[in-house]
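Below: the structure, in structure tokens.
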Amino acid sequence: MATDVSQQERLEDCRDVGLMRLEHTIHSSKPLHGCEELVKNTLVMLEDCKSFSASFADQWKALVDEIYNKAVVCIFVNNRYFAYCHWYNAQTGKMQGIQKAIGAKDNIMDIVANFSFNGRPTLLVTYPTVDCKEPKVESFKRTTANITLAPGPKSSLWPNAVTSKLKYSFERMGLVDYKGMNVGWLEKRKHVVLAELAEVAEARLLKSEAADKGGHPKLEIQKLAKQVLMW
55 MATDVSQQER LEDCRDVGLM RLEHTIHSSK PLHGCEELVK NTLVMLEDCK SFSASFADQW
115 KALVDEIYNK AVVCIFVNNR YFAYCHWYNA QTGKMQGIQK AIGAKDNIMD IVANFSFNGR
175 PTLLVTYPTV DCKEPKVESF KRTTANITLA PGPKSSLWPN AVTSKLKYSF ERMGLVDYKG
235 MNVGWLEKRK HVVLAELAEV AEARLLKSEA ADKGGHPKLE IQKLAKQVLM W
């Protein structure tokens, strides 16, 4: 959810019809001129193309229908780095989610519980080190229902709804409770446990390719995450 007022108002205007973003990627080592003209020409080219209207609520429900029979994947590396994957594109290699170094006082199971969905399994893949070839995989489910925490504007693991910045709620934007899946933020910035977890399958070891021992932690976690998501 955006916290910038102008962006929130734009989302409100598009709530019932959806929002399409036009994006140009230009690869050049030299300064480019006429970029605005390029965008205008593209819009002219798209005038006769079909476009579709879909409210945020319909898009959210379609997403829930798609992921309802799947599991959340959480990755924990070096007892410090946490990665949470929303989706992975096997063709482009792009992943959407967050990866953060958690604090010394943070409990990994509390974080996993907060980012789990009601009634759906969550896989926790633990790498003691980035060069571990047999990570441990555990499967958990919530035993109590609650909201699923959505990452904050800056990928915070403990985001809250600052009333001075958040003009519209998740529900108002169409992200309502559907099939038991309900996302939100905390009202206060504090560490809480939104649900209890129960292990639903015995832990097992998976064979994997080790990441580079001397690599940057964030890049190595991306490599490990891709391996997990392709299993």
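Read in order, the letters of the sequence shown are residues 55 to 285 in the working numbering. Ideal placement from N, C-alpha and C gives every residue a C-beta, glycine not left out.
Let me know the secondary structure DSSP gives residue i once reduced to three states.
i: A116; result: helix
i: M99; result: helix
i: K94; result: helix
i: L76; result: coil
i: C89; result: helix
i: H270; result: Note on H270: pLDDT 49, under 50, position unreliable in the model; the coordinate value appears next. It is coil, neither helix nor strand.
i: F110; result: helix
i: L240; result: strand
i: E225; result: coil
i: L65; result: helix
Given a threshold of 16 other Cβ atoms within 10 Å of its Cβ, counted over all protein chains shown, does residue i qualify as buried or as exposed?
i: I80; result: exposed
i: S170; result: buried
i: D67; result: exposed
i: P213; result: buried
i: A255; result: exposed
i: K195; result: buried
i: L211; result: buried
i: T176; result: buried
i: C89; result: exposed
i: A167; result: buried
i: C103; result: exposed
i: G151; result: buried
i: V98; result: exposed
Of the choices the options, whose alpha-carbon is the least far from that of residue i?
i: A204; options: I156, M235, L65, R134; result: M235
i: I129; options: Q153, L117, V118; result: Q153
i: T197; options: L251, S210, Y181, I165; result: L251
i: E253; options: M163, E101, E120; result: M163
i: Y135; options: Y181, V71, N200, S105; result: Y181
i: L178; options: A125, L211, S107, T96; result: A125
i: V71; options: S105, E188, N161, E90; result: S105
i: N133; options: Q62, R64, S193, C186; result: C186
Can you tell me whether residue i sits near the ligand ADP, meaning its C-beta is under 7 Å from at least one heavy atom of the ligand?
i: Y222; result: The ligand content of the structure shown is nil, which means the ligand ADP is not present either.
Using a Cβ-Cβ distance cut-off of 8 Å, determine whether residue i contacts chain C.
i: R174; result: The structure shown contains no chain C; it holds only a single protein chain.
Please specify which runs of the beta strand (DSSP E), each continuous and at least 3 residues long, are wholly inside the region 157 to 202, giving them in chain order.
176 to 181, 190 to 196, all fully within the region 157 to 202.
Any contact of the region 102 to 121 with the region 224 to 232, i.e. 3+ C-beta pairs under 8 Å?
Because the criterion of three Cβ pairs below 8 Å is met, the region 102 to 121 and the region 224 to 232 touch.
Does the region 235 to 255 come within contact of the region 81 to 96, defined as at least 3 CB pairs closer than 8 Å?
The region 235 to 255 is not in contact with the region 81 to 96.
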